[in-house]
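K.L.:
Before anything else, here's the structure in question.
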Amino acid sequence: MACRLNNIFNLLVTLLLLFTISSCKQAKVEYYSEVEKKSFFSRLLEDSIYYNVYRPHTKHPIDGYDLLYLLHGHGGNHDDWFEYEEGRVQPILDSLIKNQMIPPVVAVSLDAANSWYVNRHIPMESVYFDEFIPHIDSSLQDFLNKEKRVIAGNSAGGYGALRFILKYPDHFSSGILLSPAAYEPVPPGISSSRKIDVFAKDSIFNDSIWNSFSYTNIPINAPEEIAHLLISTGIDDEYEIITVIDSLKLHLDKNNIDYNVTLVPGGHEWNVWREIFALDVTRAFEIRK
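If you read the sequence shown in the numbering used here, its first letter stands for residue -6, the second for the next number, and so on.
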């Protein structure tokens, strides 16, 4: 059954988390972890792709570190989640780990360009599952717990995370969708998805191409195996994400997929996403499939 948390309660918890994060930043938690910029060679793209890895400096858990996949939005890259002006994910995770609000986790973010994480001109979906995930598993095999994996994405990254969760349910234990740009049936004129080749034919946005990648076309055979979804947006989001969530809720209810929805003041911006992420990541690592 789908469930929805009270928005006031969510706000209070978020404020508490942000207070904790702010206090810990004053305690120099920036030395609590490291972020490494790495690359691997993609056979599918015949080129190297960059990604970032966040590692906490803690005692190695007996069962290995849980893993967090971070998907960036349109116009972004693997650095977005780690930039101070944007995701600030390092101090957020540092604070939550230090205060034992989440277990020690490894977080990774791939440069997916403006692919929107689908197989079109750039086969990014295949790159992610056939190359990137196996590469991470192999290179960090001595560190990871393969049983607990969370995926999070903002905007176009939320679009990608939603499709990944529904299409590959055995890979993820929970998902965080921050203002997911998963428009149904088609995106509004303001959407960046209308301005790129991914969903275009002869350089013009094509409804049929967009619809071919719709989450509604992904078969749901075992809803109990699909990750619990933590969905959110700012109520003033100018990209009409409220309508996205309304349509998505209908689809999830129809297929008996569990989810929570959080609405907070604000627009389509990192100030909103950081606050909600701090809340949702604590809930994500509590959820068991």
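Every residue gets a Cβ at the ideal spot worked out from N, C-alpha and C, and that includes glycine.
1) So, for Phe267: in the same chain, excluding its five sequence neighbours on each side, which residues have a beta-carbon less than 8 angstroms away from its beta-carbon?
2) According to DSSP, is Val28 part of a helix, a strand, or is it coil?
3) Work out the CA separation of Phe278 and Leu223 for me, nearest whole Å.
4) Taking contact to mean at least 3 C-beta pairs separated by less than 8 angstroms, is the region 157 to 165 in contact with the region 178 to 186?
5) What runs of the beta strand (DSSP E), each 3 residues or longer, lie entirely inside the region 240 to 264?
6) Using a 10 Å radius around the Cβ and a threshold of 16 neighbouring Cβ atoms, would you call Trp263 buried or exposed?
7) How do the region 188 to 198 and the region 131 to 144 stand: do at least 3 beta-carbon pairs fall below 8 angstroms, yes or no?
8) What is the DSSP secondary structure of Asp40, counted as helix, strand or coil?
9) Does the Cβ of Arg156 have 16 or more other Cβ atoms within 10 Å, making it buried, or fewer, making it exposed?
10) Quick test of the definition: if touching needs 3 or more C-beta pairs under 8 angstroms, does the region 165 to 180 touch the region 88 to 106?
11) When the Cα of Lys31 is compared with those of Ile55, Pro54, Ser102, which residue comes out closest?
12) Which residues bound the beta strand (DSSP E) around Gly168?
13) Checking the sheet assignment: what are the DSSP bridge partners for Ala100?
14) Could you please give the first and the last residue of the uninterrupted beta strand (DSSP E) stretch that includes Val143?
15) Between which residues of its own chain and Cys17 is the CB-CB distance below 8 angstroms, once the five residues before and five after are set aside?
16) In three-state DSSP terms, what is Asn210?
17) Since Gly224 is in the beta strand (DSSP E), which residue starts that stretch and which ends it?
18) Starting from Gln83, trace the alpha helix (DSSP H) in both directions and tell me its first and last residue.
19) At what residues does the alpha helix (DSSP H) containing Trp203 begin and finish?
20) Are the CB atoms of Ile158 and Asp273 nearer to each other than 9 angstroms?
21) When every heavy atom of the ligand MG is checked, does at least one fall within less than 8 angstroms of the C-beta of Leu155?
22) Could you give the DSSP three-state label for Ala306: helix, strand or coil?
23) Using C-beta distances below 8 angstroms, list every residue in its chain close to Gly68, excluding the 5 sequence neighbours before and after it, in chain order.
24) Are the Cβ atoms of Gly66 and Gly146 separated by less than 9 angstroms?
25) Report yes if the CB atom of Glu27 is closer than 9 angstroms to the CB atom of Tyr47, and no otherwise.
26) Below 8 angstroms on the Cβ atoms is my guess for Gly260 versus Asp229; work out the distance and round it to an integer in Å.
P.N.:
Considering the structure as presented:
1) Going by the sequence as given, residue 267 is Arg instead of Phe. Closer than 8 angstroms at the Cβ level, and outside the excluded window around Arg267, lie Gly80, Arg81, Ile85.
2) strand
3) Approximately 11 angstroms, taken between the alpha carbons.
4) no
5) List check, beta strand (DSSP E) in window: 252 to 257.
6) buried
7) no
8) strand
9) buried
10) The region 165 to 180 is not in contact with the region 88 to 106.
11) Ser102
12) Taken as a continuous stretch (DSSP letters only), the beta strand (DSSP E) holding Gly168 covers 167 to 171.
13) Tyr47, Leu61
14) Taken as a continuous stretch (DSSP letters only), the beta strand (DSSP E) holding Val143 covers 137 to 147.
15) In this prediction, Cys17 scores a pLDDT of 46, lower than 50, which makes its location untrustworthy; no coordinate-derived value is stated.
16) helix
17) Contrary to the premise, residue 224 reads as Ile rather than Gly in this sequence. Segment 221 to 227, the beta strand (DSSP E) holding Ile224.
18) For Gln83, the enclosing alpha helix (DSSP H) stretches over residues 82 to 91.
19) 200 to 205
20) no
21) As far as ligands go, the structure on display features none, and thus does not contain the ligand MG.
22) Because the chain spans -6 through 282 in this model, residue 306 falls outside it and cannot be assessed.
23) Excluding the 5 residues flanking it on each side, Gly68 has same chain C-beta neighbours closer than 8 angstroms at Asn107, Ser185, in chain order.
24) yes
25) yes
26) 5 angstroms
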